[in-house]
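A.B. asks: Chains as they are written, first to last, in the numbering used here: chain A, 1 to 148; chain B, 149 to 805. The beta-carbon is built from N, C-alpha and C at its ideal position, and this holds for glycine as well. Here the structure is a predicted model, which means the values were calculated and not measured.
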Amino acid sequence: MKPRSKRLMLLGGAVALLIGAVALVLTAFQENLVFFHTPTEVAEGKAPTGRTFRIGGLVEPGSIKRAADGVTVQFAITDTAKAIPVTYKGSLPDLFSEGKGAVVQGKMSPDGQFTASEVLAKHDENYMPPEAQHAVDQAQKAAKTVKQ
Amino acid sequence: MIPELGHFSLILALILAVVQGVVPLVGASRNRLALMSVGRTAAQGQFLFIAFSFGCLTWSFINSDFSLQLAASNSHSLTPVIYKITGVWGNHEGSLLLWAMSLALWTVAVTVFSRNLPEIFMARVLGVLGLVSTGFLLFLLITSNPFDRILPGAPEGRDLNPLLQDPGMIIHPPLLYMGYVGFSVAFAFAIAALLSGRMDAAWARWSRPWTTVAWVFLTAGIAIGSGWAYYELGWGGWWFWDPVENASFMPWLLGTALMHSLAVTEKRGAFRSWTVLLAIGAFSLSLMGTFLVRSGVLTSVHAFATDPARGLFVLVLLVLVIGISLALFAWRAPTLAGGGSFSLVSREASLLGNNVLLSVACGSVLLGTLYPLFVDALNLGKISVGPPYFETVFVPLMTPVIVLMMIGPFVRWKGDDGHSILRRVGPGLVASIVLGIGIAFAIGHVTWRTVLGLSLAAWVLIGSVQILWQRLADRAGAGTGARLRSIPAAWWGMWFAHLGIGVFIIGVAMVGSLNSQIQVKMLAGDTAQLAGYTFTFRGVANAPGPNYAAARATIEVSRGGVTFATLTPEKRFYEAQGMPMTEASIDIGPLRDVYVNLGDQLEDGAWVVGLFYRPFISWIWLGCTLMALGGIFAAADRRYRRLAEREAPAGAARQVA
Chain A
1 MKPRSKRLML
11 LGGAVALLIG
21 AVALVLTAFQ
31 ENLVFFHTPT
41 EVAEGKAPTG
51 RTFRIGGLVE
61 PGSIKRAADG
71 VTVQFAITDT
81 AKAIPVTYKG
91 SLPDLFSEGK
101 GAVVQGKMSP
111 DGQFTASEVL
121 AKHDENYMPP
131 EAQHAVDQAQ
141 KAAKTVKQ
Chain B
149 MIPELGHFSL
159 ILALILAVVQ
169 GVVPLVGASR
179 NRLALMSVGR
189 TAAQGQFLFI
199 AFSFGCLTWS
209 FINSDFSLQL
219 AASNSHSLTP
229 VIYKITGVWG
239 NHEGSLLLWA
249 MSLALWTVAV
259 TVFSRNLPEI
269 FMARVLGVLG
279 LVSTGFLLFL
289 LITSNPFDRI
299 LPGAPEGRDL
309 NPLLQDPGMI
319 IHPPLLYMGY
329 VGFSVAFAFA
339 IAALLSGRMD
349 AAWARWSRPW
359 TTVAWVFLTA
369 GIAIGSGWAY
379 YELGWGGWWF
389 WDPVENASFM
399 PWLLGTALMH
409 SLAVTEKRGA
419 FRSWTVLLAI
429 GAFSLSLMGT
439 FLVRSGVLTS
449 VHAFATDPAR
459 GLFVLVLLVL
469 VIGISLALFA
479 WRAPTLAGGG
489 SFSLVSREAS
499 LLGNNVLLSV
509 ACGSVLLGTL
519 YPLFVDALNL
529 GKISVGPPYF
539 ETVFVPLMTP
549 VIVLMMIGPF
559 VRWKGDDGHS
569 ILRRVGPGLV
579 ASIVLGIGIA
589 FAIGHVTWRT
599 VLGLSLAAWV
609 LIGSVQILWQ
619 RLADRAGAGT
629 GARLRSIPAA
639 WWGMWFAHLG
649 IGVFIIGVAM
659 VGSLNSQIQV
669 KMLAGDTAQL
679 AGYTFTFRGV
689 ANAPGPNYAA
699 ARATIEVSRG
709 GVTFATLTPE
719 KRFYEAQGMP
729 MTEASIDIGP
739 LRDVYVNLGD
749 QLEDGAWVVG
759 LFYRPFISWI
769 WLGCTLMALG
779 GIFAAADRRY
789 RRLAEREAPA
799 GAARQVA
């Protein structure tokens with residue numbers, strides 16, 4: 001082979017590798033995006049079915065209930081306008097408590113329950129997950145518009 | 149008084165940084181030796197002032213001076229002294245001061261260990277480092293002064309976030325910062341090369357040990373951060389693909405590519421532009437990591453600041469660094485062209501393949517980390533990218549990297565014969581696939597992921613033995629001891645680091661395949677089973693700590709009727725922050741960890757207990773340790789010192805002239 005065509009082959013190989021890798025990355029990316037919805041959006045049926053998504057808001061006071069096994073927890077997550085019932089099995093973050101911000105990730109069950117695979121709470125006393133804050137802000141904005 | 153001295157000292161450091169950033173560069177462009185040599189003195193002075201300033205801040209924390217805003221927010225009079233010191237960098241301002249101090253320390257190290265660089269080159273390196281330092285000191289003084297006072301002073305501090313009150317957090321940030329900031333040296337060398345148009349084998353030899361040492365720090369810092377997440381966050385996981393973790397992993401990936409690209413530049417003079425680009429990229433990603441982590445755009449335990457001015461400042465700094473370097477690169481890179489040619493089957497080609505794959509992997513992490521931020525910034529909704537994406541992408545991207553990693557050392561520079569390589573590596577490849585499948589069946593977990601992981605690990609281990617064997621066979625004649633000793637440290641560095649990857653993969657594959665966990669409700673005397681272990685709950689007692697109250701459970705772990713460990717997980721309540729925290733308890737073993745945490749107490753007096761079985765998880769950190777050790781060997785190679793000695797007379801002559 002001439003050095004020139006060798007170089008071309010090398011370049012071609014590298015470009016093919018790059019294209020393949022980029023295609024892989026983008027496909028995986030598309031499939032694994034997790035969208036975020038506020039409780040109001042979920043209540044209005046805007047959330048996808050059969051796909052993992054996130055809900056953010058406040059843990060509704062008085063809603064935390066533990067099942068007899070002690071491990072399955074039910075609570076409602078609210079943006080102060082609408083509340084979505086959530087079921088979660090597993091350990092809760094240390095700062096998960098009623099009236100505080102939380103973000104849950106999981107899927108909608110056919111019975112209207114949200115089955116969470118992950119529950120995120122804040123990291124310290126002053127900090128509110130931005131997604132939870134966003135949901136509450138949205139709901140309050142909507143409430144104001146209705147009043148006017 | 150002490151904080152004011154610290155503040156003043158920091159301002160003096162800034163002045164010296166400006167001097168260091170301007171005067172040597174002017175000297176280099178006008179070829180004035182007197183101006184060039186200012187850099188060294190300015191750098192050393194700057195380090196002294198920043199270190200003094202850091203000392204003042206530490207003193208205020210240790211003595212609980214709560215009239216200092218920072219101490220009042222991040223310390224408490226009852227906090228153990230070691231965590232008072234940790235509190236110094238457990239916040240935005242203090243961690244930036246640590247950043248600036250690391251940079252000054254690296255700069256001083258360059259003036260000490262690279263004493264034999266040509267004066268003009270040294271001047272440019274120090275100038276670039278001085279400019280970077282100027283940016284960061286300005287950032288500190290303008291937006292994030294660690295010495296702000298509050299009047300009247302607070303009677304008591306609010307304490308450091310309990311999650312950070314942990315031995316791992318004492319050393320994780322300093323190591324990580326030394327790694328991040330260490331790439332600034334590689335960056336400065338690259339920019340100096342662009343400025344001078346000189347980039348030869350000698351340049352690569354100067355640059356290599358610095359890059360390697362920075363990489364060692366980064367590797368150690370990431371590993372310790374991962375270990376911290378494992379035992380402190382209490383979920384039994386070791387990597388979460390959290391944006392903050394990604395922020396440190398991206399420079400690591402590019403830094404790894406850079407180390408290998410530098411090797412080619414040194415040995416063969418090739419990949420020069422690519423090496424410069426990687427050096428710019430690794431440092432830019434380090435800066436971006438600092439920006440992401442410190443600006444508060446990310447949701448994490450690291451996000452201290454939510455002041456938009458700070459985020460904007462770092463962003464501007466980042467844009468300036470990347471913009472100016474890339475412009476300089478575009479302008480000067482043509483002067484770097486050239487280098488040895490090589491064929492399709494050659495060590496250069498295998499390293500090129502690895503470099504491309506590592507860069508794509510880095511790009512994929514960048515995409516997954518930044519995309520949600522862009523979407524949010526553009527008000528297109530909120531999304532997140534979770535671990536499934538990164539796992540899907542990483543396995544296919546890293547598999548060829550690991551396969552190539554063990555083929556590369558068998559392949560000769562410049563060009564080699566494909567058939568003879570296949571003959572050398574073929575048997576090992578077949579053996580490792582057979583082994584992978586065999587072990588997967590033996591452990592009773594046959595999935596393609598497990599088989600792939602175990603095969604790759606076997607491939608690395610077999611390949612390591614094979615190249616060592618070949619290396620020894622090449623020196624036939626002498627005794628084994630002499631032959632082992634004749635191998636240069638750099639080669640051992642490569643060998644250990646690659647072996648470390650193999651050990652790491654064993655850990656990842658085994659944890660990924662065989663881990664198990666359950667959550668159970670337990671009363672005193674209850675038992676639970678997991679992975680052949682029996683856990684007996686012996687009840688909960690109060691265990692007060694220095695700055696917290698705790699409920700401590702006693703759980704006996706037995707196997708086959710023999711109790712071998714008593715674990716004591718705690719549920720702590722930190723009074724100052726009003727924050728509960730779970731403290732896991734782990735029985736660490738070479739082949740498995742047994743991990744227990746204590747959840748909430750239920751109404752009937754029972755406790756929720758989390759039981760985790762984590763096979764081979766220590767191998768993950770053992771692998772990282774081997775990688776870091778390899779880096780230390782590589783950086784300690786005698787030829788870097790020999791070079792210094794050989795060039796010394798020339799350097800001295802230049803100074804006389």
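Measuring CA to CA, which of B:T540, B:N502, B:T483 is closest to B:V513?
C.D. replies: Start at 1 with the first residue of the second sequence, and residue 513 of chain B comes out as number 365. Residue B:T540 is the option with its Cα nearest to B:V513.
A.B. asks: What's the call for B:L285, buried or exposed, on a 16-neighbour Cβ count within 10 Å?
C.D. replies: Position 137 of the second sequence, counted from the first residue, corresponds to residue 285 of chain B. Its Cβ being crowded by 16 or more others within 10 Å, B:L285 is buried.
A.B. asks: Rounded to whole angstroms, what is the Cα-Cα separation between B:G586 and B:I610?
C.D. replies: What you label residue 586 of chain B is simply residue 438 of the second sequence in a count that begins at 1. What you label residue 610 of chain B is simply residue 462 of the second sequence in a count that begins at 1. Each residue's alpha carbon lies about 15 Å from the other.
A.B. asks: Buried or exposed for B:D565, please, with buried defined as at least 16 other CB atoms from any protein chain shown within 10 angstroms of its CB.
C.D. replies: Position 417 of the second sequence, counted from the start, is the residue given in the question as residue 565 of chain B. Exposed: under 16 other Cβ atoms inside 10 Å.
A.B. asks: Using a beta-carbon distance below 8 Å, is A:K46 in contact with chain B?
C.D. replies: One-based indexing of the first sequence puts residue 46 of chain A at position 46. No, its Cβ sits nowhere closer than 8 Å to a Cβ of chain B.
A.B. asks: Since I believe B:Q725 is in contact with B:P310 (beta carbons under 8 Å), could you give me their beta-carbon distance rounded to a whole number of angstroms?
C.D. replies: As a working note, residue 310 of chain B is residue 162 in the second sequence. As a working note, residue 725 of chain B is residue 577 in the second sequence. With a Cβ gap of about 6 Å, B:P310 and B:Q725 count as contacting.
A.B. asks: Verify whether the separation of the beta carbon atoms of B:G275 and B:L162 is less than 8 Å.
C.D. replies: For the purposes of this step, residue 275 of chain B is taken as the residue at position 127 of the second sequence. For the purposes of this step, residue 162 of chain B is taken as the residue at position 14 of the second sequence. Contact: no.
A.B. asks: List the endpoints of the continuous alpha helix (DSSP H) containing B:I318.
C.D. replies: Residue 318 of chain B sits at position 170 when you count from the first residue of the second sequence. That run of the alpha helix (DSSP H) goes 315-344.
A.B. asks: DSSP puts B:K719 in a beta bridge; with which residues?
C.D. replies: Numbered from its first residue, the second sequence carries residue 719 of chain B at position 571. Its beta-bridge partners are B:A699, B:T730.
A.B. asks: Is it true that the CB of B:E496 sits closer than 8 Å to the CB of B:A418?
C.D. replies: The count along the second sequence starts at 1 and reaches residue 418 of chain B at position 270. The count along the second sequence starts at 1 and reaches residue 496 of chain B at position 348. In contact: B:A418 and B:E496 (Cβ atoms closer than 8 Å).
A.B. asks: Going by DSSP in three states, A:K65 sits in which element: helix, strand or coil?
C.D. replies: The residue you call residue 65 of chain A lines up with position 65 of the first sequence. A:K65 falls in the strand class under three-state DSSP.
A.B. asks: Of all the CB atoms in chain A, is at least one closer than 8 Å to the CB of B:P300?
C.D. replies: On the second sequence, position 152 is the one that residue 300 of chain B refers to. Not an interface residue.
A.B. asks: With a threshold of 8 Å between beta carbons, is B:Q667 in contact with chain A?
C.D. replies: Stepping through the second sequence from its first residue, residue 667 of chain B is reached at position 519. With 8 Å as the cut-off, B:Q667 counts as an interface residue toward chain A.
A.B. asks: Kindly say whether A:V104, judged by its beta-carbon, lies nearer than 8 Å to any beta-carbon of chain B.
C.D. replies: If you number the first sequence from 1, residue 104 of chain A lands on position 104. Not one chain B Cβ lies under 8 Å of A:V104.
A.B. asks: Sort out for me which residues DSSP pairs B:M670 with in a bridge.
C.D. replies: One-based indexing of the second sequence puts residue 670 of chain B at position 522. Paired residue(s): B:W755.
A.B. asks: Suppose contacts are defined by Cβ-Cβ distances below 8 Å. Is A:G101 in contact with A:S117 by that definition?
C.D. replies: Working through the first sequence from its first residue, we reach residue 101 of chain A at position 101. Working through the first sequence from its first residue, we reach residue 117 of chain A at position 117. Cβ atoms of A:G101 and A:S117: not closer than 8 Å.
A.B. asks: Can you name the residues of chain B whose CB is closer than 7 Å to the CB of A:L10?
C.D. replies: Indexing the first sequence from 1 puts residue 10 of chain A at position 10. Per Cβ cutoff of 7 Å: L492, A497.
A.B. asks: So, with DSSP's three-state summary, where would you put A:Q105?
C.D. replies: Locating residue 105 of chain A in the first sequence gives position 105, where the first residue counts as 1. The answer is strand: DSSP assigns A:Q105 an E or B state.
A.B. asks: Could you give the distance in angstroms between the alpha-carbon of B:E152 and the alpha-carbon of B:F295?
C.D. replies: Translated into the one-based positions of the second sequence, residue 152 of chain B becomes position 4. Translated into the one-based positions of the second sequence, residue 295 of chain B becomes position 147. One C-alpha to the other measures close to 7 Å.
A.B. asks: Which residue from B:M727, B:P738, B:E731 puts its Cα closest to that of B:R306?
C.D. replies: Reading the second sequence from its first residue, position 158 is the one you call residue 306 of chain B. It is B:M727 whose Cα lies nearest to the Cα of B:R306.
A.B. asks: Could you tell me the alpha carbon to alpha carbon distance between B:L440 and B:A182, rounded to whole angstroms?
C.D. replies: The sequence position of residue 440 of chain B within the second sequence is 292, counting from 1. The sequence position of residue 182 of chain B within the second sequence is 34, counting from 1. Whole-angstrom Cα-Cα distance: 40 Å.
A.B. asks: Could you run through the segment 523-545 of chain B and flag, in chain order, every residue whose CB is less than 8 Å away from some CB of chain A?
C.D. replies: Within the segment 523-545 of chain B, the residues whose Cβ lies closer than 8 Å to some Cβ of chain A are G529, K530, I531, S532, V533, G534, P536, Y537, T540, V541, P544, L545, listed in chain order.
A.B. asks: Can A:G56 and A:E131 be called in contact, C-beta distance under 8 Å?
C.D. replies: Along the first sequence, one-based indexing puts residue 56 of chain A at 56. Along the first sequence, one-based indexing puts residue 131 of chain A at 131. Yes, these two residues count as a Cβ contact at 8 Å.
A.B. asks: What are the start and end residues of the beta strand (DSSP E) that includes A:P85?
C.D. replies: The residue you call residue 85 of chain A lines up with position 85 of the first sequence. Unbroken beta strand (DSSP E) run through A:P85: 83-89.
A.B. asks: Among B:A341, B:L521, B:M670, B:A697, which residue has its Cα nearest to the Cα of B:R686?
C.D. replies: For the purposes of this step, residue 686 of chain B is identified with residue 538 of the second sequence, where counting begins at 1. For the residues B:A341, B:L521, B:M670, B:A697, the minimum Cα distance to B:R686 belongs to B:M670.
A.B. asks: Is the CB of A:E131 under 8 Å away from at least one CB in chain B?
C.D. replies: Within the first sequence, residue 131 of chain A is the residue found at index 131, counting from 1. Cβ-Cβ to chain B under 8 Å: yes for A:E131.
A.B. asks: Using a C-beta cutoff of 8 Å, does A:D69 count as contacting chain B?
C.D. replies: Against the first sequence, residue 69 of chain A aligns to sequence position 69. Yes, because at least one Cβ of chain B sits closer than 8 Å to the Cβ of A:D69.
A.B. asks: Only counting the same chain, and skipping five residues up and downstream in sequence, which positions put a Cβ closer than 7 Å to that of B:I635?
C.D. replies: Residue mapping note: residue 635 of chain B aligns to position 487 of the second sequence, counting from 1. Cβ within range, chain order: R619.
A.B. asks: Going along chain B in order, which residues have a C-beta closer than 9 Å to the C-beta of A:R54?
C.D. replies: Locating residue 54 of chain A in the first sequence gives position 54, where the first residue counts as 1. Near A:R54 (Cβ distances below 9 Å), the residues of chain B are K530, I531, S532.
A.B. asks: Taking 8 Å as the threshold, find out whether the segment 543-563 of chain B comes into contact with the segment 520-535 of chain B through three or more Cβ pairs.
C.D. replies: Result no; under three Cβ-Cβ pairs closer than 8 Å.
A.B. asks: Going by the beta-carbon positions, is the gap between B:V651 and B:G771 smaller than 8 Å?
C.D. replies: The sequence position of residue 651 of chain B within the second sequence is 503, counting from 1. The sequence position of residue 771 of chain B within the second sequence is 623, counting from 1. Yes, these two residues count as a Cβ contact at 8 Å.
A.B. asks: What span of residues does the alpha helix (DSSP H) with B:S766 cover, start to end?
C.D. replies: Taking the first residue of the second sequence as 1, we reach residue 766 of chain B at position 618. B:S766 -> alpha helix (DSSP H) spans 766-783.
A.B. asks: For the candidate residues B:G648, B:A689, B:T730, B:V742, whose alpha-carbon lies nearest to that of B:A679?
C.D. replies: Along the second sequence, read from residue 1 onward, the residue named residue 679 of chain B stands at position 531. Ranking B:G648, B:A689, B:T730, B:V742 by Cα distance to B:A679 puts B:V742 first.
A.B. asks: What do you get for A:S5, buried or exposed, if any count of 16 or more other CB atoms within 10 angstroms of its CB means buried?
C.D. replies: For the purposes of this step, residue 5 of chain A is taken as residue 5 along the first sequence, with counting starting at 1. Per the 10 Å Cβ criterion, exposed.
A.B. asks: Alpha carbon to alpha carbon, how far is B:G747 from B:H320?
C.D. replies: Position 599 of the second sequence, counted from the first residue, corresponds to residue 747 of chain B. Position 172 of the second sequence, counted from the first residue, corresponds to residue 320 of chain B. Answer to the nearest angstrom: the Cα atoms are 27 Å apart.
A.B. asks: Quick one: any contact between the segment 289-304 of chain B and the segment 357-376 of chain B, if contact means 3 or more CB pairs under 8 Å?
C.D. replies: No, the segment 289-304 of chain B does not touch the segment 357-376 of chain B.
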